Amino acid sequence: MIRERYINFLIGALLLIVPLVALQMDEPFIITLATKAAILALAGVGLNLALGQGGLVSFGHAAYFGIGGYAMGILASHAQDYAPLMEVPFVIEGTNLMPVIWLVAIVASALAALLIGALSLRTSGVYFIMVTLAFGQMFYYFAISWPAYGGEDGLSIYVRNQFPGVNTLDPIQFFGICFVVLMAVLFLVNRLNKSPFGLALNGAHQNEERALTVGINVYRLRLVAFVISGAITGLAGALFADLNRFVSPTMFSWHTSGEIMVFIILGGVARLFGPVAGAAVYILLEHMLGGISEYWQIYLGLILLFVVLFAKGGIVGGLARREVRHDG
Amino acid sequence: MTDSILRVDNICKSFGALKASDGISLDLKPGEIHALIGPNGAGKSTLIKQIAGGLKPDSGKVYFDGRDVSQHSTARRARAGLGRTFQISALAMDFTVLENVVLGAVGQSGSVFQFFRDAMKDTRLLERAYKALDRVELRDLAHVRTSELSHGRRRQLEVAVALTLSPKAFLMDEPMAGMGAEGSQALTGFLEALKAEAPILLVEHDMDAVFALADRISVLVYGKIIATGTVDEIRTNPEVKLAYLGEEDAA
Numbered sequence: 001m002i003r004e005r006y007i008n009f010l011i012g013a014l015l016l017i018v019p020l021v022a023l024q025m026d027e028p029f030i031i032t033l034a035t036k037a038a039i040l041a042l043a044g045v046g047l048n049l050a051l052g053q054g055g056l057v058s059f060g061h062a063a064y065f066g067i068g069g070y071a072m073g074i075l076a077s078h079a080q081d082y083a084p085l086m087e088v089p090f091v092i093e094g095t096n097l098m099p100v101i102w103l104v105a106i107v108a109s110a111l112a113a114l115l116i117g118a119l120s121l122r123t124s125g126v127y128f129i130m131v132t133l134a135f136g137q138m139f140y141y142f143a144i145s146w147p148a149y150g151g152e153d154g155l156s157i158y159v160r161n162q163f164p165g166v167n168t169l170d171p172i173q174f175f176g177i178c179f180v181v182l183m184a185v186l187f188l189v190n191r192l193n194k195s196p197f198g199l200a201l202n203g204a205h206q207n208e209e210r211a212l213t214v215g216i217n218v219y220r221l222r223l224v225a226f227v228i229s230g231a232i233t234g235l236a237g238a239l240f241a242d243l244n245r246f247v248s249p250t251m252f253s254w255h256t257s258g259e260i261m262v263f264i265i266l267g268g269v270a271r272l273f274g275p276v277a278g279a280a281v282y283i284l285l286e287h288m289l290g291g292i293s294e295y296w297q298i299y300l301g302l303i304l305l306f307v308v309l310f311a312k313g314g315i316v317g318g319l320a321r322r323e324v325r326h327d328g
Numbered sequence: 001m002t003d004s005i006l007r008v009d010n011i012c013k014s015f016g017a018l019k020a021s022d023g024i025s026l027d028l029k030p031g032e033i034h035a036l037i038g039p040n041g042a043g044k045s046t047l048i049k050q051i052a053g054g055l056k057p058d059s060g061k062v063y064f065d066g067r068d069v070s071q072h073s074t075a076r077r078a079r080a081g082l083g084r085t086f087q088i089s090a091l092a093m094d095f096t097v098l099e100n101v102v103l104g105a106v107g108q109s110g111s112v113f114q115f116f117r118d119a120m121k122d123t124r125l126l127e128r129a130y131k132a133l134d135r136v137e138l139r140d141l142a143h144v145r146t147s148e149l150s151h152g153r154r155r156q157l158e159v160a161v162a163l164t165l166s167p168k169a170f171l172m173d174e175p176m177a178g179m180g181a182e183g184s185q186a187l188t189g190f191l192e193a194l195k196a197e198a199p200i201l202l203v204e205h206d207m208d209a210v211f212a213l214a215d216r217i218s219v220l221v222y223g224k225i226i227a228t229g230t231v232d233e234i235r236t237n238p239e240v241k242l243a244y245l246g247e248e249d250a251a
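The structure is reproduced here in structure tokens:
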């Protein structure tokens, strides 16, 4: 649908222009907000692949977000303490290089998603939601009770990690990194959605029986989607930790899972740029309403209710009106 | 018996005390339409599910294309060439007509794990998809959303999706259900032509269609096949008359 393409472009452009304008006006806080929006959007893009395309309502994506965060926290804390992660049987040093941290975050969260997905995808519907939630909470309580990396207090990293050729301490440059990562992932996810894999995933979501009877192994299909989904959210977790220079068990909590889900519902389920619009609006509301009332989430709840009742496709769907098509 | 494409051997399936399949054996030979009839609750759907793979029999075996497929999943049986259509259309309703057949082609080609090629621009998949659409004369509606199709057209699309698999046998669960007389007649002609390509195991309530189409008929009553034979044999079989056709007359 051509119109949705325009809307997507507009959302992406807005996300880029706002921090650039803020740079001119010397408002680094707004740049940080935009960075946060980009990172949370990425987490949403991950979940949207499972939830939107695959119809797999995971209420435990905080697990991957947290694993990504702790991948960063653990590697960077060892680097700043000059203490290797392990010495036997071979030495593994910590690192403060973002690309390495990202890779570890992606691999670790993908493995977790493989394990959790392999078990939880044997269920469906409400059971699937509950099982994924339970796994997420398992990670939460584990992080709280693991004293080596801060336990309940979390883990502070004093200097932002490095990216070759970029000054990551400069807000606009760090935003640039996050924005480019988000756009790159969106590009890949768009390709994925249009591929035979995406078609099968979406088809199995609409009618599982049909997918099975044309010879598609739906379980394996969904497991792969779930792993990719978890890996993307894990990458977002690593970036989020770097934005705050802090990781804590909160990243694992079901609140986080719920928030990521809210971005998608707000922005448009199964819409490519839905999580981007959703996360941006969420940050905007948090910032504006948060200034008015401590209980700003009441208003968020009302808005969410309105979106669910009256604008089924979320922000992007409401603007584009028509369903997403593969051959559009 | 060796030349049959599909063979069900002494299948039993119970739900609690209810014997839904009570030692059922039947086979499907090349070039034939084998109709399965029986009153409501006779266990037709249960049998079909066990043949297609959605339900595991308590005992007994299913052979397809010379192999024991009893332990194979639905997806695996489909890839082996078992084409299926459903009583209630099982289609991706938000997809276009074309996307539904391309989905079939994706399953058939085993290209599910291709992540970066555009499925709707893949000439190999499209060729197979359009070929199937042409067979059921739905090409003109290729870009229409499936949920906007009439009931009859959905049934045609259902057959087209099954065709993308280039099946060695078809399993059709009431393909005429809910179709008008005209559509039903057109489909009858179509199935007549199709059976040369791949035999059809047909579950159907429409008796006119069954008697017009079927080369052989099996009658299922309370989980047991009480008779198998040609149309004439079944028509004149007293047991069948009593169990099935008599009921029909009374109604």
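Each protein sequence line maps, in turn, to chains A and B.
Going by the UniProt record's numbering, 175 is the number at position 175 of the first sequence; the sequence numbering is gapless.
Going by the UniProt record's numbering, 236 is the number at position 236 of the second sequence; the sequence numbering is gapless.
Quick reminder that beta carbons are idealized off the backbone N, C-alpha and C, glycines included.
Model, not experiment: these values are computed from the prediction.
Contact annotation: A/Arg222 and A/Gly54 have beta-carbon atoms nearer than 8 Å.
DSSP places B/Ser59 inside the beta strand (DSSP E), whose first and last residues are 59 to 64.
The Cβ atoms of B/Thr74 and B/Ala52 sit closer than 8 Å to each other. Rounded to the nearest whole angstrom, the CA to CA distance from A/Gln80 to A/Ile232 is 26 Å. Sequence-ordered contacts of the segment 151 to 162 of chain B with chain A read Val161 [C-beta pairs closer than 7 Å]. Approximately 15 Å separates the beta-carbon atoms of A/Met251 and A/Gly44; this is outside 8 Å, ruling out the contact. Looking from the CA of A/His61, the closest CA among A/Ala184, A/Tyr140, A/Leu319 belongs to A/Tyr140.
Contact between B/Ser218 and B/Leu28 is absent: CB atoms are separated by about 10 Å, not below the 8 Å threshold. Rounded to the nearest whole angstrom, the CA to CA distance from A/Leu182 to A/Ala118 is 27 Å. The three-state secondary structure of B/Val219, taken from DSSP, is strand. Taken through DSSP and simplified to helix, strand or coil, B/Leu26 comes out as strand. Within 7 Å of the CB of A/Gly215, the CB atoms of chain B belong to Ala75, Ala78, Arg79, Gly107, Gln108, Leu165, in sequence order along the chain. Under DSSP, B/Asp68 takes part in a beta bridge, and its partners are B/Tyr63. Each of B/Ser89, B/Asp58, B/Gly107 was checked against the Cα of B/Leu82, and the nearest Cα belongs to B/Gly107. Contact annotation, A/Leu266 with A/Ile7: C-beta distance approximately 15 Å; criterion of less than 8 Å not satisfied. DSSP, reduced to helix, strand and coil, places A/Asp26 outside both helices and strands of the structure shown, so it counts as coil. Going by C-alpha positions, B/Leu187 is about 53 Å away from A/Ala280.
When the beta-carbon positions are compared, B/Ala80 and B/Val97 stay at least 8 Å from each other.
Residue range 196 to 206 is occupied by the alpha helix (DSSP H) that includes A/Gly198, with no beta strand (DSSP E) assigned at that position. Per DSSP, B/Ile226 is not a residue of any alpha helix (DSSP H); the beta strand (DSSP E) it occupies stretches across 224 to 229. For B/Thr74, the enclosing alpha helix (DSSP H) covers residues 74 to 79.
Three or more Cβ pairs closer than 8 Å define a contact, and the segment 208 to 218 of chain B falls short of that threshold against the segment 45 to 59 of chain B. In the three-state scheme derived from DSSP, where H, G and I count as helix and E and B as strand, B/Lys13 is classed as strand. Counting only the Cα atoms, A/Thr95 lies some 50 Å from B/Gln71. Three or more beta-carbon pairs drawn from the segment 101 to 108 of chain A and the segment 229 to 246 of chain A are found closer than 8 Å, and the two stretches are therefore classed as touching. Interface residue (Cβ-Cβ distance to chain A less than 8 Å): B/Phe64 is not classified as such.
Just so you know, the alpha carbons of A/Glu93 and B/Leu103 end up roughly 47 Å apart.
Membership of B/Ile37 in the beta strand (DSSP E) is indicated by the continuous run 33 to 37. Only Val102, Leu103, Gly104, Ala105, Val106, Gly107, Gln108, Ser109, Gly110, Ser111, Val112, Phe113, Gln114, Phe115, Phe116, Arg117, Asp118, Ala119, Met120, Lys121, Asp122, Leu125 from the segment 102 to 134 of chain B bring a Cβ to less than 9 Å from some Cβ of chain A.
Contact annotation: B/Val221 and B/Ala243 have beta-carbon atoms nearer than 8 Å. Remark: C-beta atoms of B/Leu36 and B/Leu201 approach each other more closely than 8 Å. Non-local C-beta neighbours of A/Trp146 in its own chain, meaning closer than 6 Å and more than five positions away in sequence, are absent. In this chain, the beta strand (DSSP E) harbouring B/Ala169 covers 169 to 173.
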